[in-house]
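Colleague: Heads up: the sequence shown runs through residues 1 to 355, numbered per UniProt numbering.
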Amino acid sequence: MGAAKLQEANGLTIYVLGGSNSLFGNGWVSHYAALKSQEVVNLSVGATTTLAGIYRLLQDGRAGRGDTVVWEYALNEVNHARGGYSVDLLLKNVEHLICICRRRRCRLVMAIFTPRPQELAPDRDPYYDQLLALLDHYGIGSFDMSRAWRAAHGLPAIPAELYADNLHYSHDPALLDFIARGVSSVPRRVPAQVAALRTDGRRLRLLTDFAKQRFTNSIMDVPAAPLPLRIAPRQAGRIIALFMICRPNEDVGVLAQLHGPEGSSRKLRISTTIDKSFDRKILKAVSIEHATGEAWPLARGCEVSMRPVKAPGPAHAEYQLKRRLRQPVPSKEPIVSGVLVELDPPERPSQQPPP
Numbered sequence: 001m002g003a004a005k006l007q008e009a010n011g012l013t014i015y016v017l018g019g020s021n022s023l024f025g026n027g028w029v030s031h032y033a034a035l036k037s038q039e040v041v042n043l044s045v046g047a048t049t050t051l052a053g054i055y056r057l058l059q060d061g062r063a064g065r066g067d068t069v070v071w072e073y074a075l076n077e078v079n080h081a082r083g084g085y086s087v088d089l090l091l092k093n094v095e096h097l098i099c100i101c102r103r104r105r106c107r108l109v110m111a112i113f114t115p116r117p118q119e120l121a122p123d124r125d126p127y128y129d130q131l132l133a134l135l136d137h138y139g140i141g142s143f144d145m146s147r148a149w150r151a152a153h154g155l156p157a158i159p160a161e162l163y164a165d166n167l168h169y170s171h172d173p174a175l176l177d178f179i180a181r182g183v184s185s186v187p188r189r190v191p192a193q194v195a196a197l198r199t200d201g202r203r204l205r206l207l208t209d210f211a212k213q214r215f216t217n218s219i220m221d222v223p224a225a226p227l228p229l230r231i232a233p234r235q236a237g238r239i240i241a242l243f244m245i246c247r248p249n250e251d252v253g254v255l256a257q258l259h260g261p262e263g264s265s266r267k268l269r270i271s272t273t274i275d276k277s278f279d280r281k282i283l284k285a286v287s288i289e290h291a292t293g294e295a296w297p298l299a300r301g302c303e304v305s306m307r308p309v310k311a312p313g314p315a316h317a318e319y320q321l322k323r324r325l326r327q328p329v330p331s332k333e334p335i336v337s338g339v340l341v342e343l344d345p346p347e348r349p350s351q352q353p354p355p
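Right, dumping it as structure tokens:
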């Protein structure tokens with residue numbers, strides 16, 4: 001058996017983390033799975049960013065040495081960058097995922113997709129070059145669908161008719177097979193042991209022990225807790241994201257508040273109501289850094305409370321959520337699925353020589 005085939009046979013499980021292009025039952029992932037001898041576990045969440053992929057990977061908890069993680073959030077993240085997200089913030093979270101895979105000795109492959117308006121634009125969004133530079137730093141292989149298709153077909157762009165809409169490729173079998181074979185051909189490597197560029201050596205901790213109920217649908221089964229809720233994290237660090245189960249129809253929001261040990265407080269009104277584009281409940285990653293401009297610092301004695309929004313008015317809204325709650329109603333259903341904390345880095349030993 002050749003080296004490549006031996007590596008394939010010895011591979012354990014493949015975990016796919018991506019947006020809705022990776023979520024469709026008849027999409028490229030089904031073609032990809034047909035090429036593989038290993039089990040393919042799809043942990044994708046649509047209409048969000050790498051933060052949701054981190055949540056799913058950490059909450060699932062199974063990925064470890066020898067497994068493969070396939071990431072596909074570039075299309076979503078370019079869309080979020082166009083909507084106001086900082087590219088630096090998006091790529092910091094990508095680096096967090098890279099470092100998680102490195103610590104677990106998981107191999108990583110990046111599938112890079114492009115939304116239709118960006119595919120047909122004269123210039124590529126700067127996100128892509130910065131993403132590729134980050135991947136190069138860690139020695140991670142990628143399949144760039146736009147570049148691969150153009151090179152294979154001698155075309156200046158992927159034709160518009162090969163998109164179902166601005167954010168989704170069509171289900172043309174030849175197109176999906178091209179993607180699947182392209183992703184499958186990328187060498188799978190554990191990220192290199194190099195210095196972090198964006199995360200300052202911080203590790204992540206996902207807090208879910210407060211959530212005693214479950215939210216279950218056709219694609220996930222995750223912990224969730226109803227409101228009101230009060231959490232006393234024991235970790236020193238900073239909160240970078242909250243994970244919410246969002247719903248259509250009735251206006252529902254969460255008032256999240258960090259209570260400092262000396263009476264200081266930070267607040268954020270969060271919309272958990274889906275706009276008219278969706279008719280079912282979805283998991284959303286709420287970036288505290290994007291919403292407020294900085295992470296929320298955690299120290300001994302801090303508490304986090306969350307309760308229903310009662311007053312009408314504007315609220316922080318992630319992609320496809322309502323920006324204004326007109327008649328907020330309390331919900332008895334579980335809403336909060338997790339809190340993501342960046343832990344303080346370990347203290348570095350002094351470099352000064354002894355006296």
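Where is the CB? At the ideal position from N, CA and C, for every residue including glycine.
1) Assign residue 53 to one of two classes, buried (16 or more other C-beta atoms within 10 Å of its C-beta) or exposed (fewer than that).
2) Check the Cβ-Cβ distances between residue 141 and every residue of chain D, and say whether any is below 8 Å.
3) Give the DSSP-derived three-state secondary structure of residue 433 in the structure shown.
4) Restricting to runs no shorter than 3 residues, where is the beta strand (DSSP E) found entirely within the stretch 200-271?
5) Return helix, strand or coil for residue 26, following the three-state DSSP convention.
6) Taking Cβ to Cβ, would you say residue 286 is nearer than 8 Å to residue 343?
7) Of the residues 47, 283, 170, which one's Cα is nearest the Cα of residue 223?
8) For residue 189 and residue 128, what's the separation of their Cα atoms in angstroms?
9) Output the residue ranges of the alpha helix (DSSP H) runs that lie fully inside the stretch 17-83 and measure 4 residues or longer, sorted by chain position.
10) Give the straight-line distance between the Cα atoms of residue 354 and residue 340, rounded to the nearest whole angstrom.
11) Just curious, the alpha helix (DSSP H) that residue 308 is in, first and last residue?
12) Can you tell which of 163, 326, 68 has its C-alpha closest to the C-alpha of residue 117?
13) Using alpha carbons as the reference points, say which of 333, 43, 20 lies closest to residue 211.
14) Using a 10 Å radius around the Cβ and a threshold of 16 neighbouring Cβ atoms, would you call residue 5 buried or exposed?
15) Ends of the alpha helix (DSSP H) at residue 95?
16) Measure the alpha-carbon distance for residue 274 versus residue 48 and round it to whole angstroms.
17) Start and end of the alpha helix (DSSP H) containing residue 127?
18) Looking at the secondary structure, which residues open and close the alpha helix (DSSP H) in which residue 179 lies?
19) Please list, in chain order, all residues of the same chain as residue 246 whose beta carbon is under 7 Å from its beta carbon, the five residues on each side excluded.
20) Who are the Cβ neighbours of residue 81 in its own chain at under 8 Å, not counting the five residues just before and after it?
21) Does the stretch 311-326 touch the stretch 177-184, meaning 3 or more C-beta pairs lie closer than 8 Å?
22) With residue 318 as the anchor, note down where its alpha helix (DSSP H) starts and where it stops.
23) Give the range of the alpha helix (DSSP H) segment to which residue 152 is assigned.
24) Does DSSP classify residue 164 as helix, strand or coil?
25) Kindly indicate which residue of 27, 120, 16, 256 has the alpha-carbon position closest to the one of residue 316.
26) When the Cα atoms are used, what is the spatial distance from residue 41 to residue 235?
27) My output table needs one value for residue 119: the three-state DSSP class, helix, strand or coil.
28) Is DSSP giving residue 333 helix, strand or coil here?
29) Three-state secondary structure (DSSP) at residue 340?
30) Is residue 112 near residue 68, with beta carbons less than 8 Å apart?
31) For the beta strand (DSSP E) containing residue 109, list its first residue and its last residue.
Modeller: The relevant details are as follows:
1) The count along the sequence shown starts at 1 and reaches residue 53 at position 53. Buried is the call here.
2) Any reference to chain D falls outside this structure, which holds one protein chain only.
3) With the chain running from 1 to 355 in the structure shown, residue 433 is simply not present.
4) 204-207, 213-216, 221-224, 229-231, 237-246, 253-259, 265-271
5) Within the sequence shown, numbered from 1, the residue matching residue 26 stands at position 26. The answer is coil: DSSP assigns residue 26 none of H, G, I, E or B.
6) Translated into the one-based positions of the sequence shown, residue 286 becomes position 286. Translated into the one-based positions of the sequence shown, residue 343 becomes position 343. Not a contact, by the Cβ cut-off of 8 Å.
7) Within the sequence shown, the letter at position 223 stands for residue 223. Out of 47, 283, 170, 283 has the C-alpha closest to the C-alpha of residue 223.
8) Taking the sequence shown and counting its residues from 1, one reaches residue 189 at position 189. Taking the sequence shown and counting its residues from 1, one reaches residue 128 at position 128. Distance between the alpha carbons of residue 189 and residue 128: 20 Å.
9) 28-35, 50-60, 74-82
10) On the sequence shown, position 354 is the one that residue 354 refers to. On the sequence shown, position 340 is the one that residue 340 refers to. For residue 354, the predicted model reports a pLDDT of 44, less than 50, meaning its position is unreliable; a value from the coordinates is still stated below. Rounded to whole angstroms, residue 354 to residue 340 spans 39 Å at the Cα level.
11) Reading the sequence shown from its first residue, position 308 is the one you call residue 308. Residue 308 -> not in any alpha helix (DSSP H); beta strand (DSSP E) instead, spanning 303-308.
12) Translated into positions along the sequence shown, residue 117 becomes position 117. Here the closest residue by C-alpha is 163.
13) On the sequence shown, position 211 is the one that residue 211 refers to. Comparing Cα positions, the closest option is 333.
14) Walking along the sequence shown from the start, residue 5 turns up at place 5. Because residue 5 carries a pLDDT of 42, less than 50, the predicted location of this residue cannot be relied on, and the following value inherits that uncertainty. It counts as exposed.
15) Counting from 1 along the sequence shown, the entry for residue 95 is found at position 95. That run of the alpha helix (DSSP H) goes 87-104.
16) In the sequence shown, residue 274 corresponds to position 274, counting from 1. In the sequence shown, residue 48 corresponds to position 48, counting from 1. Going from the Cα of residue 274 to the Cα of residue 48 covers about 13 Å.
17) The residue given as residue 127 occupies position 127 in the sequence shown. Element bounds for residue 127: 126-138.
18) Along the sequence shown, one-based indexing puts residue 179 at 179. Element bounds for residue 179: 173-184.
19) For the purposes of this step, residue 246 is identified with residue 246 of the sequence shown, where counting begins at 1. The answer, listed in chain order, is 272, 273, 274, 281, 282, 284, 321.
20) Taking the sequence shown and counting its residues from 1, one reaches residue 81 at position 81. So the list reads 87, 90, 125, 127, once near-sequence residues are dropped.
21) no
22) Taking the first residue of the sequence shown as position 1, residue 318 is located at position 318. It is not in any alpha helix (DSSP H) - residue 318 carries neither H nor E in the DSSP assignment.
23) Taking the sequence shown and counting its residues from 1, the one referred to as residue 152 is at position 152. Where residue 152 is concerned, the enclosing alpha helix (DSSP H) stretches over 145-153.
24) Position 164 of the sequence shown holds residue 164. Looking at residue 164 - three-state DSSP - the assignment turns out to be strand.
25) Within the sequence shown, numbered from 1, the residue matching residue 316 stands at position 316. Checking every option, the nearest Cα to that of residue 316 belongs to 256.
26) Residue numbering aside, residue 41 sits at position 41 when the sequence shown is read from its first letter. Residue numbering aside, residue 235 sits at position 235 when the sequence shown is read from its first letter. One C-alpha to the other measures close to 31 Å.
27) Residue 119 sits at position 119 when you count from the first residue of the sequence shown. Helix at residue 119.
28) Within the sequence shown, residue 333 is the residue found at index 333, counting from 1. In this structure, residue 333 counts as coil in the three-state DSSP scheme.
29) For the purposes of this step, residue 340 is identified with residue 340 of the sequence shown, where counting begins at 1. Looking at residue 340 - three-state DSSP - the assignment turns out to be strand.
30) For this step, residue 112 is matched to residue 112 along the sequence shown. For this step, residue 68 is matched to residue 68 along the sequence shown. Cβ distance not < 8 Å, so residue 112 and residue 68 don't count as in contact.
31) Counting from one through the sequence shown, the residue named residue 109 turns up at place 109. Where residue 109 is concerned, the enclosing beta strand (DSSP E) stretches over 107-112.
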